[in-house]
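Q:
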Amino acid sequence: MACARGLAVVAAAWLAGAAGAHAATLTIACGSNAADAQFCARYAQDWGRKNGHEVRIYSAPASATDNLALLRQQFAAKSDKLDVLTIDVVWPGVLKDHLVDLKPYSQGAESQHFPAIVANNTIGGKLLGMPWYTDAGLLFYRKDLLEKYGLALPKTWHEMAEAARRIQDGERAAGARDFHGYVFQGRAYEGLTCNALEWVASYGGGTIVDASGKVTIHNAQAARALDEAASWIGTIAPRGVLNYGEEEARGVWQNGQAAFMRNWPYAWAMSQAEDSVIRGKVGVAPLPAGDGEGARPAATLGGWQLAVSKYSRHVEAAAALVMYLTSAEIQKQRAIGGAYNPTIPALYRDPELLAANPFMGDLLDVFENAVARPATPTGLKYPAVSRAFWDATHDVLSGRVDGAAAVRRLEGRLLQTRRAKW
Amino acid sequence: MQRTRTAWLFLAPMLVAMLLVAGWPLARTLWFSVTDTNLNDLAAGRFVGWQNYFGAYGLFGNAGYTEGFWAGDWGISIANTFKFAVVSVLLETAIGLGVALLLNQEFRGRALVRTAVLVPWAIPTIVSAKMWGWMLNDQYGVVNQWLVDWGVVAQKIAFTAEPAYALWTVVAVDVWKTIPFMALLILAALQTLPRDIYEAARVDGVHPLRVFWRITLPLIRLPLMVAVVFRLLDALRVFDLIFVLTSNSSATISMSGFVRREMIDNGDLGFGSAAALSLTAIIFITAVLFLRAARVRLAEDTR
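First to last, the sequence lines map onto chains A and B.
Heads up: the first sequence runs through residues 1 to 422, numbered per the working numbering.
Heads up: the second sequence runs through residues 1001 to 1303, numbered per the working numbering.
#1: For a cutoff of 8 Å on Cβ pairs, would you count serine 398/A as touching chain B?
#2: Taking the beta carbon of serine 79/A as the centre, do at least 16 other beta carbons fall within 10 Å, making it buried, or is it exposed?
#3: Does the beta-carbon distance from asparagine 357/A to alanine 335/A come in below 8 Å?
#4: Decide if arginine 409/A is buried, meaning its Cβ has at least 16 other Cβ atoms within 10 Å, or exposed.
#5: Taking its Cβ as the centre, do 16 or more other Cβ atoms sit within 10 Å of glutamine 168/A, making it buried, or is it exposed?
#6: Is there a Cβ from chain A that is less than 8 Å from the Cβ of aspartate 1196/B?
#7: Can you name the residues that DSSP bridges to tryptophan 304/A?
#8: Do you know how far the Cα of serine 59/A is from the Cα of valine 322/A?
#9: Alpha helix (DSSP H) containing phenylalanine 1258/B: first to last residue?
#10: Pairs of beta-carbons, one from the segment 44 to 64 of chain A and one from the segment 283 to 290 of chain A, closer than 8 Å: are there three or more?
#11: So for histidine 158/A, helix, strand or coil by DSSP?
#12: Quick one: what does DSSP say methionine 1/A is sitting in, helix, strand or coil?
#13: Which residues in the same chain have their Cβ closer than 6 Å to the Cβ of proline 1223/B, if we skip the five residues on either side of it in sequence?
#14: Given tryptophan 47/A, which residues of its chain have a CB within under 6 Å of its CB, disregarding the five upstream and five downstream residues?
#15: CB-CB under 6 Å to leucine 15/A, same chain, minus the five flanking residues each way: which ones, in chain order?
#16: Ordered along the chain, which non-local residues of its own chain (more than five positions away) have a Cβ less than 8 Å from that of glutamate 198/A?
#17: Proline 1163/B touches chain A at which residues, Cβ-Cβ below 9 Å?
#18: Run through chain A and tell me which residues come within less than 8 Å of aspartate 1041/B, C-beta to C-beta.
#19: How far does the beta strand (DSSP E) with valine 55/A in it extend, from its first residue to its last?
#20: Counting only beta-carbon separations shorter than 8 Å, does tyrosine 1057/B have a partner in chain A?
#21: Find the nearest neighbour of threonine 65/A within the set Ala318/A, Pro345/A, Ala269/A, Ser386/A, judged by alpha-carbon distance.
#22: Helix, strand or coil for proline 265/A per DSSP?
#23: Does DSSP classify proline 286/A as helix, strand or coil?
#24: Where do the N-terminal and C-terminal ends of the alpha helix (DSSP H) with leucine 1019/B fall, by residue?
#25: With a CB to CB cut of under 7 Å and the five nearest residues on each side skipped, what residues in its chain are close to proline 92/A?
#26: Report the neighbours of serine 1249/B on chain A: residues whose CB is nearer than 7 Å to its CB, in chain order.
#27: Any beta carbon of chain A sitting closer than 8 Å to that of glutamine 1139/B?
#28: Quick check: what's the CA-CA separation for lysine 103/A versus arginine 187/A?
#29: Flag alanine 76/A as yes if its beta-carbon sits less than 8 Å from any beta-carbon of chain B, otherwise no.
#30: DSSP three-state call for tyrosine 340/A: helix, strand or coil?
#31: I'd like the list of long-range same chain contacts for alanine 259/A, defined as Cβ closer than 6 Å, with 5 residues on each side in sequence excluded.
#32: Buried or exposed: which applies to serine 212/A, given that a residue is buried once 16 or more other Cβ atoms fall within 10 Å of its Cβ?
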């Protein structure tokens, strides 16, 4: 019996090999957080087994900044080591010369996805990446603690800070010495650009550089937004937040040591995992609004695309893998298991998906109206623009300068980065 | 004549190899530093002359530095690098000297202690940086836990995040890591000292501190200076500790970090190459100045 099964396996493997006349070994770059690694690897290798290809997993650096730096080095060397890449929503402009046009392989599949994301991924008529999941900053809050202290869900940053302080004081008085009101991503990296853009945009301070390429950051509302954020450091947020990325913030949050957290939707599935101490106590809401002229709630558009490297030796197989992974079926599975937001609007009416992620239906318009980082107008220079912005923000958060001085200096730096043109 | 030709023949492969591995990258960096090459397409760079050094957007003499050279990122990275290098090398030399003097004594288990002392130096920098990163973590770090338990601090300290501490945290980790190196170099020097001088001093009843100042220190001064120069050159190109340990903002950036940032993160190979060459020049000048200063003092001593 066992022997027969063994034979069948060998035969199946041989048949699969024969069917895919050119069995390829593909390498796919998956994210490095637990859920990403798990879902990305599982479905990619499923596909490989079915189609007689070997799929290897490359774990990309956790920090998007490091990840991009590594990719650029690989591309500069025309390396064929990576076939399928996970690329951030702000990268198509930076990597455009190194990615395969997926139009010939998609057979129109992109029309099912959010048009704004497809437009973001299309440069010079070439479809450089298939949408893989979309993202926007969200406010995670502890339902049980808001109830315990009789607080309403905060609508503005001021209210949020106030609520965070009340809860923090109460919990610390009750003996939780390491309890914090609010955690977010304050490390000097791309994630801080996302956080800070949310503050600035929610105060009506614009998007650093506007769509026409004009530098707009030097304004009073932007300065106010940064000052407001700086007032959280050391009061409701631990000073260590100055060195936190997504996972560091989630670590504090998931230990039950924070009342509020700003993070991407993936944190939902992990907060609700079987072994999570805060399971069932977590709520998700749009981020708070600022105040003053033009104030509104704002969330930075995130999200990742799957792309194929121009230097891959198996472009066809790699493109097929991309199409499989971005299909409605797989996006649904990843949404249910990992809280990754699908990029296919139709899926947001799927009852199974909404049962697993009740917040997704309510927050659909947060995802649809999210604020884009100025990647399109600044093109190849976006990494430098983003770095100048997060550096200026980090300086304000750590108390080295105030908001007004930071945005004035930042304007100078951005003009210097732009030189003649973006 | 024949012999000379044969010599050149035998030397030729070596010279070619040297040109390939050292000359070519150097020439390429020199060329890049006067172009606006981008990492995106290495062949597309155009010649821009001195723009990357002294132009409107250059490293030195930049119109964009409205608040002065030292407020710009390049100025900050130079200042950070020198702060780091001077303080850490001073501490490493002083503590390393102390450890070497201890290890130079006869005691039971000396061989074991000498080996044990080497451990921090044997751990790769990345590993020790990560290790200290976790130990110093503001939330889960064991160091913070001790400080709180012992009542030294009320609130946990964000050693690697707070700009006021971050650079000195890096110095502390570097000192921890490099003391063994200094100690071993100094110990090697100590072991070459003639024993009869010390016996004579003991017979004459000279105070041990006086022995140290008048005999030990002058005799090991030259090897000590060599060790210091080694460490200084090493410290001036510090990169990995800062990159792994801190938040990597401009508050703690070093010159090497600046070069990497311009070349890799921003993809600006031209500007980055200019910074890399400036970094080399700065280190070279520092080494020359240091050696000259040290030699002057030595010359005074012999007079």
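Note that CB positions come from ideal geometry on N, CA and C, so glycine has one too.
What you are looking at is a predicted structure, and each value in this text was computed from that prediction instead of being measured.
A: In short:
#1: Chain B contact via Cβ: present.
#2: Classification of serine 79/A: exposed, given that the 10 Å Cβ count is below 16.
#3: Alanine 335/A sits close to asparagine 357/A, with the two beta carbons spaced by under 8 Å.
#4: buried
#5: The residue in question, glutamine 168/A, is buried, as its Cβ has 16 or more Cβ neighbours within 10 Å.
#6: no
#7: Asp88/A, Tyr133/A
#8: 17 Å
#9: 1255 to 1260
#10: no
#11: helix
#12: Residue confidence for methionine 1/A is low, a pLDDT of 40 falling below 50, so the modelled location carries little weight and cannot support an answer.
#13: Ala1189
#14: Leu321, Tyr324
#15: Below a pLDDT of 50, predicted positions are generally treated as unreliable, and leucine 15/A, at 46, falls in that range; the measurement from the model is reported next regardless. Counting only Cβ-Cβ distances below 6 Å, and skipping sequence neighbours, we find nothing.
#16: Gly137, Arg262, Leu287, Ala298, Ala299, Thr300, Val371
#17: Leu242, His394, Asp395, Ser398, Gly399, Arg400
#18: Asp97
#19: 54 to 59
#20: Yes, its Cβ sits closer than 8 Å to a Cβ of chain A.
#21: Ser386/A
#22: DSSP places proline 265/A in coil when its eight states are reduced to three.
#23: coil
#24: Element bounds for leucine 1019/B: n/a, residue is neither H nor E.
#25: Here the set comprises Asn120, Asn121, Ile123, Leu128, Gly129.
#26: Ala188, Asp391, His394
#27: At least one chain A Cβ lies under 8 Å of glutamine 1139/B.
#28: So the two alpha carbons sit approximately 37 Å from each other.
#29: Yes - at least one Cβ of chain B is within 8 Å of the one on alanine 76/A.
#30: coil
#31: Arg142, Leu145, Ala164, Ile167, Gly181
#32: exposed
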